[in-house]
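Numbering (this note's numbering), first residue to last: 3 to 77.
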């Protein structure tokens with residue numbers, strides 16, 4: 003997600019972002035979406051990070067647009 007700082011005006015304590023605040027944003031015609039056709043993978047958990055690091059170690063980095071050199075994984 004990409005937000006402006008005003009997003010906090012739409013979030014009340016204890017709410018899930020994609021439920022109540024999104025509903026209010028939709029009602030105010032303030033929510034937009036963009037369909038991304040490229041690579042995407044969440045990195046929400048330690049396992050997600052490990053999978054992405056393994057991809058880097060194998061030189062499989064579909065998120066790179068330049069096809070550049072291999073990256074090192076930071077500890």
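Note that CB positions come from ideal geometry on N, CA and C, so glycine has one too.
Please name the residue in the options whose C-alpha comes closest to that of residue i.
i, options, result
"residue 13", "62, 6 and 22", "22"
"residue 34", "66, 3, 68 and 67", "3"
"residue 67", "46, 24, 39 and 11", "39"
"residue 27", "36, 37, 11 and 41", "11"
"residue 7", "18, 36 and 32", "32"
Quick test of your reading: residue i and residue j, contact by CB under 8 Å. State the CB separation rounded to the nearest angstrom.
i, j, result
"residue 65", "residue 36", "Incorrect: roughly 16 Å between the Cβ atoms, too far for contact."
"residue 51", "residue 57", "Between residue 57 and residue 51 the Cβ distance is about 11 Å, and since that is not below 8 Å, they are no contact."
- request: Can you check the segment 5-30 for any alpha helix (DSSP H) of at least 4 residues that lies completely inside it and give the ranges in chain order?
  value: Note on the segment 5-30: whole alpha helix (DSSP H) runs with a minimum of 4 residues are 22-29, in chain order.
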